[in-house]
Amino acid sequence: MRARNRRPRCITCLTPAKALFKKSDGDFIKLLECPSCGQTVDRYVECEKSIIFMDMLLQDIAVYRHILFNADNFEPQFYVKLAVSLLLSEGYVRWSTLTHTFAPAAGIKDNEVYLYIMCLLTAVEFGVFGAIIMLYSWIRFRDRIELSSLYNGLLLGQYGRLANVAAIIWYQSPSLIFQGLVLVFIIISTIQSTRAAMNTGRCESSLLVITATIISTSSSYILQSYLIDMYEKYSL
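Start counting the sequence shown at 47; every next residue gets the next number (the numbering used here).
Shown next, in the form of structure tokens:
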């Protein structure tokens, strides 16, 4: 474990801490307690990645705080790779869904331009969603919140979208029930990651995330019809 450039935080109350642990004789470490709430500053310091991932699936807000504020192995490069993976995977899922919506004669499956359009729409949807959250956080907190942590939290909350790719590979076209369950999971994980980054209540974060989801999704679907019609008008 190496030293961090910023102070770690308690995953229970988000109070800045001097350190997460202290070393004793040998390779033993002792986890420190938070002077504010009395809880262990970060109990995930000694946990395996598999346990961290399981707690993410269980939507424990503490594990999101660990990743956003204290984890050494989640560097900026990780979030860049996650953003690219989400963009490409979601674009591919939408393109695959589009091929099943229209007749084979439409040629969507054999034309990669539609894939690029879906990736562009995904970027627009993510951008609108993030802009709404960022704008609210700026109005609500001004300079009292780390925008980088909030940005990373928004990306982290979208990791459930990667499940759609596996579903398409195995089942060609995921069912509406599966897509609905994935959407619910994504909303819940985004609420938790937003709460972790902004330190807001459950109701406030839920209302914010659901509102941003509705606006961003609506914008994407409105733009989808326009882009497809424009492409087919000038190229086909």
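Just so you know, even glycine gets a beta-carbon here, dropped at the ideal spot from N, CA and C. On a predicted model such as this, the values are computed, not experimentally measured, just so you know.
About 32 Å separates the beta carbon of N210 from that of L60, a gap too long to meet the 8 Å contact definition. 8 Å or more divides the Cβ of S262 from the Cβ of E136. About 7 Å separates the CB atoms of P54 and V87; that is less than 8 Å, so the two are in contact. Residue range 248–281 is occupied by the alpha helix (DSSP H) that includes K279.
Where K95 is concerned, the enclosing alpha helix (DSSP H) starts and stops at 95–103.
Rounded to the nearest angstrom, the gap between the Cα atoms of V109 and L167 is 31 Å. When C-beta atoms of the stretch 224–236 are compared with those of the stretch 195–205, three or more pairs fall below 8 Å, so the two segments count as touching. A distance of 8 Å or more separates the beta carbons of S70 and K64.
Its Cα nearest to that of Y267, the residue M164 stands out among L128, F120, M164. The straight-line gap separating the alpha-carbon atoms of N116 and L128 is approximately 18 Å. A direct Cα-to-Cα measurement between P81 and I57 gives close to 13 Å.
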